[in-house]
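In what follows, a single structure is set out as structure tokens and then discussed.
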Amino acid sequence: MQPENLELVEKGQKPQDENNDGNYSPQFSNKAIRAGFIRKVFGLVFIMTLVTSLFLMVISAHLRPNVNVLLLELVICIGCTLSIIVFALQTKLELTTRVAYIFIIFACFVMFGIVFFVWPMFFTIKLLTLIIALVAALFMMIYLFYGIQLVMGGKRYEEITPEDYIFAAVEIFLTAVLRIAENEKQTDWKSMWICIFLQFVVGVQISVYYMSMWPYLSGLDKTADFDFLGWVVAACSIGCTISNPLYGYWNQKTRSVKWPVITGFLIAAVGQAWYGLLGMFDNVKWMMLLARFLTGLGVGNITALRIYAAMASTPEDRMRAISFGTGGLILGFSFGPVISAVFTPLGEAGVRIGGFVLNMYTVVAYLMVLVCIFACVIIYFFFNESYVGLVTKEEQEKEDVEVPKFDMPAALICIYLFMIVNMTATNIEVMSSPLTTVLYDWKDSDLIFYNGIALAISSGISVSFNIAQGATRLGKIDKRKQMLFGLTFFLLYQAFMFPWGFYSGPLNFLPEGVETTEAGGCYAEYLWCNHTTRVPLPIYFFCFIVFFGVAFPFVETPSPALFSEILGPRKQGTMQGLFSVGGSLAPLIASITSTVIFKYYGYRYVIVLQASFLIFAILLILLFYKRLVPLEVIKKSNTDSTIVSETQN
Numbered sequence: 001m002q003p004e005n006l007e008l009v010e011k012g013q014k015p016q017d018e019n020n021d022g023n024y025s026p027q028f029s030n031k032a033i034r035a036g037f038i039r040k041v042f043g044l045v046f047i048m049t050l051v052t053s054l055f056l057m058v059i060s061a062h063l064r065p066n067v068n069v070l071l072l073e074l075v076i077c078i079g080c081t082l083s084i085i086v087f088a089l090q091t092k093l094e095l096t097t098r099v100a101y102i103f104i105i106f107a108c109f110v111m112f113g114i115v116f117f118v119w120p121m122f123f124t125i126k127l128l129t130l131i132i133a134l135v136a137a138l139f140m141m142i143y144l145f146y147g148i149q150l151v152m153g154g155k156r157y158e159e160i161t162p163e164d165y166i167f168a169a170v171e172i173f174l175t176a177v178l179r180i181a182e183n184e185k186q187t188d189w190k191s192m193w194i195c196i197f198l199q200f201v202v203g204v205q206i207s208v209y210y211m212s213m214w215p216y217l218s219g220l221d222k223t224a225d226f227d228f229l230g231w232v233v234a235a236c237s238i239g240c241t242i243s244n245p246l247y248g249y250w251n252q253k254t255r256s257v258k259w260p261v262i263t264g265f266l267i268a269a270v271g272q273a274w275y276g277l278l279g280m281f282d283n284v285k286w287m288m289l290l291a292r293f294l295t296g297l298g299v300g301n302i303t304a305l306r307i308y309a310a311m312a313s314t315p316e317d318r319m320r321a322i323s324f325g326t327g328g329l330i331l332g333f334s335f336g337p338v339i340s341a342v343f344t345p346l347g348e349a350g351v352r353i354g355g356f357v358l359n360m361y362t363v364v365a366y367l368m369v370l371v372c373i374f375a376c377v378i379i380y381f382f383f384n385e386s387y388v389g390l391v392t393k394e395e396q397e398k399e400d401v402e403v404p405k406f407d408m409p410a411a412l413i414c415i416y417l418f419m420i421v422n423m424t425a426t427n428i429e430v431m432s433s434p435l436t437t438v439l440y441d442w443k444d445s446d447l448i449f450y451n452g453i454a455l456a457i458s459s460g461i462s463v464s465f466n467i468a469q470g471a472t473r474l475g476k477i478d479k480r481k482q483m484l485f486g487l488t489f490f491l492l493y494q495a496f497m498f499p500w501g502f503y504s505g506p507l508n509f510l511p512e513g514v515e516t517t518e519a520g521g522c523y524a525e526y527l528w529c530n531h532t533t534r535v536p537l538p539i540y541f542f543c544f545i546v547f548f549g550v551a552f553p554f555v556e557t558p559s560p561a562l563f564s565e566i567l568g569p570r571k572q573g574t575m576q577g578l579f580s581v582g583g584s585l586a587p588l589i590a591s592i593t594s595t596v597i598f599k600y601y602g603y604r605y606v607i608v609l610q611a612s613f614l615i616f617a618i619l620l621i622l623l624f625y626k627r628l629v630p631l632e633v634i635k636k637s638n639t640d641s642t643i644v645s646e647t648q649n
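Under UniProt numbering, the first residue of the sequence shown is numbered 1, with each subsequent residue one higher.
Shown next as structure tokens:
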């Protein structure tokens, strides 16, 4: 290095290398500068490595690692490192030559051959551990060889100075550290996956009896009619409607998710146990209504789980968290009837043990009790609450930002959209049993089995799209466009399922004196069956599986995600409670109105009513398109104010 360049270096300025056309290359010829630089850098790296090691030791102290495995790793690491350093110091044989790879493999197998024969004499070690260590050592040796060969140079690799090598390593390290510092708030995905699983459990608790409820009720209580079935289905929704805002208010005041969720599952367990013991009571229909009401009070804890998915995720992860949570709920909705279908071989008679009856209906109820208890154990011992999506007052003052009021009409539209998708889904699932009875003359066991399979496939499609929304660019598409797409598919379902005049008909009536446990068909009071056509079975399955399976995730997932973004990074307990109330009111309204309309006027008018709600939802999105956007957080400064979207904040 020229004297003038040395003076520039000592002054902290960049010297100009006369051999590289003005481009700076940190090649120091002064040994004192080289030695001082390397001492400082390696000293700093040593201190950072030591501190990192101490942190890891403290964190992993409770794991009680196997000392033999640690000693084995130390021996292998020292042996491999020394051998590869010795080989890499020469430059004749490079990484690109076959000899280098042969040497690496040879050294590894010699090392592990010695360990394999000597180590068992003194310590006990698993063969699988040795194999894993062998593979890891191979990768480590190749990495070390490549790094040292770059420094030493060779035929195919230009020599780089130790300073360049250190600069690159430090830059990579600092880049990683800065990346972590810039994203200080991170979504706790361990707790988020637990939240997703619990939403799956909620879905199962709600839907597990959708297709078996009517056969169970009619077999235990002959006074129960189809009108009362609507009230039994609605009882769960009534319970949810009452408890949803209570769980939301609980979270708003305490910012706790764990205890509202545990309380809800314990209440649901009582309701499910009551459902399984119905055969021991008089007035079974009223006892069933009460059991489903208790279950609804419990599963209203879905509000707390939705709040956590919205407030415990960063804006970048929110769509992923909500879509996976919705996927879990959908999977639970579909998996519930499948569980009932699995236990159909037990039959309605089942096995009697004392005063208990274990049949195709009661075993499912007892299983749900165990699932609720298991969910409580999971959330109590493994769930950790972390609200990274919430901007507190302290953070607003520190970062000089302000969270303004949200757009109430836009929020109400999201609630309506969520209501409509749940209303339509409830109608499709709950009406599948009586509908297939009158359309295709299916008896109780057949409708539970075939509808359960169709619903399982449909839900598999829905969950696949939910995963795609959370893991691919599909989730980046404008949420308004996603909802329009989903509502269009729901309309296609209504169009194909309408009893058009060119379909075959009329429908068959149930033979007199025959119960639905033996055959299917229209009840005598269903006078509309005389002039109603039959939707072809392939079209029914196609609509149920494809149209329903595709439509549901494209409305059910974007609507809560957009609702959360419209509210912004504030406490959302109360508003999320109202949002869940809308989702609970929908099945309540749907189950009561649809069963009454179905009994007296036929499913033709159920289709017309659903289509009207869907068309109105599409019009709302189009009319308020520009207002259905994320809340913009005001970022202040001394001179001006700028607006930052909540999804980018």
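The beta-carbon is built from N, C-alpha and C at its ideal position, and this holds for glycine as well. These figures come from a predicted structure and were not determined experimentally.
What span of residues does the beta strand (DSSP E) with residue i cover, start to end?
{"i": "Leu358", "result": "356-358"}
Taking residue i and residue j to be in contact with their CB atoms under 8 Å, please state how far apart those CB atoms are, rounded to whole angstroms.
{"i": "Gly501", "j": "Thr532", "result": "With a Cβ gap of about 10 Å, Gly501 and Thr532 do not count as contacting."}
{"i": "Ile378", "j": "Ile461", "result": "With a Cβ gap of about 28 Å, Ile378 and Ile461 do not count as contacting."}
{"i": "Pro587", "j": "Thr362", "result": "Not a contact, Cβ separation roughly 24 Å."}
{"i": "Ile467", "j": "Gly327", "result": "6 Å"}
{"i": "Met368", "j": "Val208", "result": "6 Å"}
{"i": "Leu614", "j": "Ile420", "result": "6 Å"}
{"i": "Gly475", "j": "Thr303", "result": "No, Gly475 and Thr303 are not in contact; Cβ-Cβ is about 23 Å, not under 8 Å."}
{"i": "Met311", "j": "Tyr216", "result": "So it is not a contact: roughly 39 Å between Cβ atoms."}
Measure the C-alpha to C-alpha separation of residue i and residue j and round it to an integer number of angstroms.
{"i": "Ala365", "j": "Ile242", "result": "23 Å"}
{"i": "Asn508", "j": "Glu515", "result": "14 Å"}
{"i": "Ala519", "j": "Met213", "result": "17 Å"}
{"i": "Ala136", "j": "Pro560", "result": "44 Å"}
{"i": "Tyr283", "j": "Asp221", "result": "Checking the sequence shown, residue 283 turns out to be Asn, not Tyr. Those two C-alpha atoms are separated by around 7 Å."}
{"i": "Leu266", "j": "Leu294", "result": "10 Å"}
{"i": "Tyr605", "j": "Leu346", "result": "37 Å"}
{"i": "Asp277", "j": "Lys258", "result": "A quick correction: the sequence has Leu, not Asp, at residue 277. Their backbone Cα atoms lie some 29 Å apart in a straight line."}
{"i": "Met193", "j": "Phe381", "result": "With the sequence shown as reference, residue 193 is identified as Trp, and Met is not the correct amino acid for it. For Trp193 and Phe381, the distance between alpha carbons rounds to 14 Å."}
{"i": "Leu537", "j": "Ser594", "result": "21 Å"}
{"i": "Gly203", "j": "Leu246", "result": "19 Å"}
{"i": "Gln186", "j": "Phe383", "result": "16 Å"}
{"i": "Ile634", "j": "Lys405", "result": "11 Å"}
{"i": "Asn359", "j": "Thr344", "result": "8 Å"}
{"i": "Gly452", "j": "Met211", "result": "8 Å"}
{"i": "Met287", "j": "Thr254", "result": "34 Å"}
{"i": "Leu289", "j": "Pro511", "result": "29 Å"}
{"i": "Gln272", "j": "Phe624", "result": "42 Å"}
Within the same chain, show all residues whose beta-carbon is closer than 7 Å to that of residue i, passing over the 5 residues directly before and after it, in chain order.
{"i": "Leu198", "result": "Val261, Leu305, Ala375, Ile379"}
{"i": "Gln610", "result": "Thr424, Asn427, Gln494"}
{"i": "Pro558", "result": "Lys479, Gln482, Met483"}
{"i": "Leu562", "result": "Cys414, Lys479, Leu628"}
{"i": "Asn530", "result": "Pro506"}
Tell me where the alpha helix (DSSP H) around residue i begins and ends.
{"i": "Ile477", "result": "Premise fails: Ile477 is in no alpha helix (DSSP H) and is neither H nor E."}
{"i": "Ile413", "result": "408-430"}
{"i": "Val351", "result": "Not the alpha helix (DSSP H): Val351 falls in the beta strand (DSSP E), residues 351-353."}
{"i": "Thr593", "result": "573-601"}
{"i": "Cys372", "result": "362-382"}
{"i": "Met280", "result": "Careful: Met280 lies outside any alpha helix (DSSP H) and carries neither H nor E."}
{"i": "Trp528", "result": "Here Trp528 belongs to no alpha helix (DSSP H), and DSSP marks it neither H nor E."}
{"i": "Asp317", "result": "315-342"}
{"i": "Thr303", "result": "302-311"}
{"i": "Thr254", "result": "226-254"}
{"i": "Trp442", "result": "Note, Trp442: premise wrong, no alpha helix (DSSP H); not H, not E."}
{"i": "Val388", "result": "Note, Val388: premise wrong, no alpha helix (DSSP H); not H, not E."}
Excluding five sequence neighbours on each side, which residues of the same chain lie with their C-beta closer than 6 Å to the C-beta of residue i?
{"i": "Ala551", "result": "Gly486, Phe489, Phe490"}
{"i": "Gly549", "result": "Ser458, Ile461, Ser462"}
{"i": "Asn183", "result": "The predicted position of Asn183 is uncertain, since its pLDDT is 49 and thus under 50; a value taken from the coordinates is nonetheless stated next. So no residue of the chain qualifies."}
Compare the beta carbon distance of residue i and residue j with 8 Å and say whether it is the shorter of the two.
{"i": "Val535", "j": "Leu439", "result": "yes"}
{"i": "Gly264", "j": "Gly239", "result": "no"}
{"i": "Ser340", "j": "Ile448", "result": "yes"}
{"i": "Val403", "j": "Arg570", "result": "yes"}
{"i": "Tyr308", "j": "Met431", "result": "no"}
{"i": "Gly470", "j": "Arg320", "result": "yes"}
{"i": "Glu565", "j": "Pro630", "result": "yes"}
{"i": "Gly230", "j": "Val608", "result": "no"}
{"i": "Leu567", "j": "Ala411", "result": "yes"}
Between residue i and the rest of its own chain, which residues show a CB-CB distance below 8 Å, the 5 nearest in sequence each way excluded?
{"i": "Ser218", "result": "Ala224, Glu515, Thr516"}
For a test of your reading of the model: does the CB of residue i fall under 7 Å from any non-hydrogen atom of the ligand NAP? Yes or no.
{"i": "Phe579", "result": "In the structure shown, the ligand NAP is absent, as is every other ligand, since no ligand is present at all."}
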